[in-house]
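Residue numbers (my numbering): 481 to 761.
Idealized CB from N, CA, C, for every residue including glycine.
Scroll down for the structure; my scribbles are underneath it.
Written out as structure tokens, the structure is:
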């Protein structure tokens with residue numbers, strides 16, 4: 481069996497439970513990005529609250545080895561197990577919860593990345609059971625709203641004050657904090673690009689970055705290669721590359737949203753240094 485056939489076999493085990501409304505293949509396998517390190521990610525949509533036995537019955541039927549089993553938290557049940565030579569990552573939701581999150585993101589323009597990840601998994605997912613229910617939910621996610629794009633960009637243009645300290649961090653060779661700041665800004669770059677291209681964020685840390693960038697029409701030239709250089713070049717060159725990249729992304733934002741020209745306009749500020757140090761009283 482190939483990886484999708486194994487996913488379908490697991491889905492059939494879950495779908496045998498009458499409480500299950502739909503099973504959705506999510507993650508890299510659904511998007512066709514999977515490699516030899518990929519797991520199978522399944523979203524299980526329940527008509528009513530599943531019991532522990534409901535959640536474990538498919539694992540047992542597959543002869544699986546349970547790796548984790550978490551109680552209901554943040555409107556989700558989750559577990560992982562090994563079966564059929566692969567790791568399965570299961571996320572279970574009540575269907576009404578998924579409908580609520582879609583409404584919050586698509587209608588109310590909630591820019592929460594965790595909520596967007598659930599919406600993305602529905603939007604880009606593949607129905608393995610409950611095709612009509614999945615099609616209905618995917619119709620609700622088909623329109624990426626301008627209001628969400630706006631909210632994402634407003635947040636994405638704010639780099640925070642720690643970015644202003646990059647010159648000092650470089651001079652001090654304070655590498656841990658410097659690279660923490662740099663990766664924060666890289667995530668803002670990605671956030672802005674996802675918004676400009678009206679793509680739901682599928683992972684809060686922007687996993688599968690290169691694959692995502694390949695799908696984008698609006699982006700600076702050689703974005704993926706430049707994002708690599710930010711982290712692989714010497715630190716000073718990496719900072720300069722990131723400054724240049726963000727400036728170009730900001731230009732794309734302002735071209736699409738001229739009213740944002742004043743937002744984050746001090747992004748390139750660098751905290752001044754003292755010319756001399758006088759420690760005498």
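Q: Tell me whether residue 603 is buried or exposed, calling it buried when 16 or more other Cβ atoms sit within 10 Å of its Cβ.
A: Of the residues assessed, residue 603 falls on the buried side of the cut-off, its CB having 16 or more other CB atoms within 10 angstroms.
Q: List the residues that DSSP assigns as beta-bridge partners of residue 520.
A: Per DSSP, 568.
Q | residue 562 (DSSP reduced to helix, strand or coil) | A | In the structure shown, residue 562 adopts extended strand secondary structure according to DSSP, grouped into three states.
Q: Tell me, please, whether the segment 522-539 touches the segment 559-575 by the rule of three or more beta-carbon pairs shorter than 8 Å.
A: In this structure the segment 522-539 lies against the segment 559-575, because at least three pairs of beta carbons, one per stretch, are closer than 8 Å.
**Q.** Status (buried if at least 16 other CB within 10 Å, exposed otherwise) for residue 646
**A.** By the neighbour-count definition (other C-beta atoms within 10 Å, threshold 16), residue 646 is a buried residue.
Q: Determine the contact status of residue 637 and residue 719, defining contact as a CB-CB distance below 8 Å.
A: For residue 637 and residue 719, no; Cβs fall outside 8 Å.
Q.
Which complete alpha helix (DSSP H) runs does the segment 632-701 hold, if anything under 4 residues is left out?
A. Here the runs fully enclosed are 646-652, 655-676, 689-694.
Q: State the Cα-Cα distance for the pair residue 746 and residue 727, rounded to the nearest angstrom.
A: Taken atom to atom, the span from the alpha-carbon of residue 746 to that of residue 727 is near 11 Å.
Q. Would you call the CB atoms of residue 493 and residue 542 closer than 8 Å?
A. Yes, the Cβ-Cβ distance between residue 493 and residue 542 is below 8 Å.
Q: Please confirm if the segment 654-668 is in contact with the segment 703-719, defined as three or more CB-CB distances below 8 Å between the two stretches.
A: Between the segment 654-668 and the segment 703-719 there are three or more inter-stretch CB-CB distances shorter than 8 Å, so the stretches are counted as touching.
Q.
Using C-beta distances below 6 Å, list every residue in its chain close to residue 564, excluding the 5 sequence neighbours before and after it, in chain order.
A. Excluding positions up to five away in sequence, the list reads 486.
Q. Is there contact between the segment 603-616 and the segment 683-695, where contact requires at least three CB pairs shorter than 8 Å?
A. Judged by pairs of C-beta atoms under 8 Å, the segment 603-616 does not touch the segment 683-695, as fewer than three such pairs exist.
Q. Looking only at C-alpha atoms, which of 497, 548, 752 sits nearest to residue 559?
A. Taking each of 497, 548, 752 in turn and checking the Cα distance to residue 559, the smallest one comes out for 548.
Q. Which residues in the same chain have their Cβ closer than 6 Å to the Cβ of residue 675, if we skip the five residues on either side of it in sequence?
A. Excluding sequence neighbours, residue 675 sits near 629, 632, 633.
Q: For residue 731, count neighbouring Cβ atoms within 10 angstroms of its own Cβ and tell me buried if that reaches 16, exposed if not.
A: Residue 731 should be labelled exposed.
Q | C-alpha distance - residue 444 paired with residue 661, whole-angstrom precision | A | Coverage of the chain is limited to positions 481 through 761, which leaves residue 444 absent and any answer about it impossible.
Q.
Please list the terminal residues of the continuous alpha helix (DSSP H) segment that includes residue 734.
A. Residues 715-736.
Q: Could you name the residues that DSSP lists as bridge partners for residue 548?
A: Looking at the DSSP assignment, residue 548 forms a beta bridge with 560.
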